[in-house]
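Position one of the sequence shown corresponds to residue 1 (the working numbering), numbered consecutively onward. Quick reminder that beta carbons are idealized off the backbone N, C-alpha and C, glycines included. On a predicted model such as this, the values are computed, not experimentally measured, just so you know.
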Amino acid sequence: MQKLNIKNNEVAFYAVGGLGEIGKNMYCVQFQDEIVIIDCGVLFPEDELLGVDYVIQNYDYLVENKDKIKGIFITHGHEDHIGGLPFFLQKVNAPIYAGPFAMSLIRGKLEEKHLLRDAELHEIDEFDTVHFKKLWVSFFRTTHSIPDTLGVAVHTPQGTIVQTGDFKFDLTPVGNLPAPNFQQMAKLGEEGVLLLTSDSTNAERPEFTKSERWVDIHIRRVFERIKGRIIFASFASNVYRLREAVDAALKQGRKIAVFGRSMENAIEAGQRLGYLNIPEKSLIDPNDINSFPPEEVMIMCTGSQGEPMAALSRIANGNHRQISIQPGDTVVFSSNPIPGNTISVNALINKLEEDGAEVIHGYVNNIHTSGHGGQIDEELMLRLMKPKFFAPVHGEFRMQKIHTKLAQLTGVPKDHCFILQNGDVLALTKDTCRIADHIDSMGDVYIDGRDVNDSVGNPEIRERRMLSEEGVVTAIAVIDMKDKQIVAGPDIVSRGFVYMHESQELIKAANHEVFWAILNTFKNHAHADRRVINRTIVSRLQKLLYQRTGRRPVIIPMVTILNNDEPRKEVGEKHNSHRRRRNHHENTKNPSASRQNKKTTKAAVTE
């Protein structure tokens, strides 16, 4: 068990994830034998992580110290803050504290993974406090693109450590919903904040992020000029945006149909908690949508990020059971593409336009604003909190660097600002702060599937990348070891390397090369075995194919041995420099399907 290299009177702050990246948020405050965790999110993989559905944290250190964990405190319900809970709870069943909307989403996640029955869940609000023996936790209300967002203050014997969560200062929230609680923040600042860790996502934007009220006004204006059917796509978790669209549609007398499971769940939770108010008579069954004139209908659906399995993509591709694009339809994208999704979103917009729809999207039409504060929001938070020490979180390095400079402009000394990496341990007392240690185990874990044990490592990822870029060539033969003869084959099968019907000369040369590779092995080795034969086939075939094509496909020799003392079996060994995949991954995983599943879920990331 790793023990932190800090003094007994020091408080430790460290990030398991969320530093140098946007996602995977998980921050810890530790004092002696008590650990408080803030958030437990996932990171959605870029395209080069083929087949990977989620990137989560390595939880080893926390698992080793699970008896010290007092609770997981959730700032809000976005996937990059709660998506890791089902994986973490499979290893550590810690109590969870969250606001009403986040808790509703968490319950759904845990029920889906059959973890809800054993989970210890505590619903909190901004005025609650949670006390442990040495640490206690309080909260303050912020605003973001999802309801019930909270900042978290961990009170320690050495001082208060504040984690803002994702925030912006929306002074005019839609629907008379609560604004940020400046009094709570200022009170924390007056009492003294030892360390502020603050959202850096929009640190590059020298602005004050616009209010949702501004978007509300423009959505109403856009809706007023639309005469046909409206298809409205947004993040399902952005209940404020859904409310704006609903209110604008109801004002025009439109009926509302909902498509997409996450959209249905978000609207149900929003209705139950009072964030949405859709009269029952205004909701129509999706099967009845064609019974109403187009000008009386608004469709709310998932798919604003171009996810291939989401409702909007299926509508655009013509394979949705109930809806197809009609002339006169207007599709409203009330979101901007998150990093990695721009190409798929643009392709979807083009397809919708080709099908005859008019598409209205993003900042261009003033129907989207970020949920993260720009530089002025960040400076205001710093002024309110007046921290002694500062560490920017939730952002890539360049964002953290800019945020640190903003902190210095507001009076935090340069040597009191720390740009940390995941695993760095900040040790604090009332008057001192230093990077005291680093937890080496806090790297990325790639999840290919639904379970914490469905993980793949870098060797598997490299193999998948090789397969995707170079293809695979299989050499098949049956060998009689007693007579040292080739009984059947060799045959060459290519997948993703060359098209066999147009490459007969190359395939013939490859067959010839394998034939002589086997015979020469018998000639040069008195006791040739399967391993020697396979190695020779791979070596000679690799050389031939690279000389002819300049490419290096994965080569799999499949040799059946007859009349030999070793156990008879067909061998499919990949002879390259990488470690073999585990059998259950090799035989059951479908990287293409996993990529589709990844993109379907990716839309729930923070916005």
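- In this structure, the CA atom of THR149 is about 22 angstroms from the CA atom of ARG205.
- Below 8 angstroms, too few C-beta pairs join the stretch 240-248 and the stretch 304-322 to call them touching: fewer than three.
- Of all C-beta pairs linking the stretch 286-303 to the stretch 252-266, three or more are shorter than 8 angstroms, placing the two stretches in contact.
- When the beta-carbon positions are compared, GLY20 and ASN422 come within less than 8 angstroms of each other.
- Excluding its 5 nearest sequence neighbours in each direction, ILE376 has C-beta neighbours in its own chain below 7 angstroms: GLU207, PHE208, listed in chain order.
- Around the beta carbon of GLN158, 16 or more other beta carbons lie within 10 angstroms, which makes this residue buried.
- Across the structure, ARG107 and THR549 are spaced so that their CA atoms are roughly 54 angstroms apart.
- DSSP places LYS405 in no beta strand (DSSP E) but in the uninterrupted alpha helix (DSSP H) bounded by 397-409.
- The DSSP-derived three-state label of PRO392 is strand.
- Rounded to whole angstroms, the gap between the alpha carbons of LEU105 and SER324 is 30 angstroms.
- Looking at ALA477, GLN485, LYS508, GLU505, the one whose alpha-carbon comes closest to that of ILE537 is ALA477.
- In this structure, the alpha-carbon of GLY151 lies about 14 angstroms from that of SER200.
- In the three-state DSSP reduction, GLN30 falls in the strand class (E or B).
- The residues PRO86, LEU89, in chain order, have a CB closer than 7 angstroms to that of LEU115 in the same chain once the five nearest residues on each side in sequence are set aside.
- Contact annotation: ALA94 and GLY77 have beta-carbon atoms that are not nearer than 8 angstroms.
- Taking the C-beta atoms as reference points, ARG229 is found nearer than 8 angstroms to VAL297.
- Annotation for PRO490: ALA475, ALA477, ASN511, VAL514, PHE515 place their beta carbon closer than 6 angstroms to its own, counting only its chain and skipping 5 residues before and after.
- Closest in alpha carbon position to ASN563, among PHE13, ARG495, LYS484, is LYS484.
- DSSP, reduced to helix, strand and coil, places THR521 within a helical segment of the structure shown.
- Residue state for LYS109 is assigned as helix, using DSSP reduced to three classes.
- The Cβ atoms of ILE518 and ILE486 sit closer than 8 angstroms to each other.
- VAL11 sits close to PHE31, with the two beta carbons spaced by under 8 angstroms.
- Counted as a single uninterrupted DSSP element, the stretch harbouring GLY17 is not any alpha helix (DSSP H) but the beta strand (DSSP E) occupying residues 11-17.
- Taking 8 angstroms as the upper bound for CB-CB distance, GLU126 and GLN183 are not in contact here, some 11 angstroms apart.
- Linking ALA427 to ASP33 through their CA atoms gives a straight-line distance of about 15 angstroms.
- Setting aside the 5 residues that flank it on each side, LEU110 is surrounded in the same chain by LEU116, ALA119, each with a C-beta closer than 6 angstroms to its C-beta; the list follows chain order.
- Shortest Cα-Cα distance from ASP60 to any of VAL16, LEU406, ASP128, ASN365 involves VAL16.
- The beta carbon of CYS417 sits closer than 6 angstroms to those of PHE390, THR404, ALA407, all from its chain and outside the five residues before and after it, given in chain order.
- Assigned with DSSP and collapsed to three states, THR549 falls in helix.
- Under DSSP, MET298 shares a beta bridge with ILE230, ILE256.
- Taking C-beta atoms as the reference points, GLU123 and PRO100 count as a pair closer than 8 angstroms.
- A straight-line Cα-Cα distance of about 52 angstroms links PRO387 and ILE284.
- Residue environment analysis places ASP440 among the exposed positions, since fewer than 16 neighbouring C-beta atoms fall within 10 angstroms of its C-beta.
- DSSP places PHE140 inside the beta strand (DSSP E), whose first and last residues are 136-141.
- In this structure GLU353 is in contact with VAL359, their Cβ atoms being roughly 6 angstroms apart against a cut-off of 8 angstroms.
- Here DSSP, grouped into helix, strand and coil, assigns ALA179 to coil.
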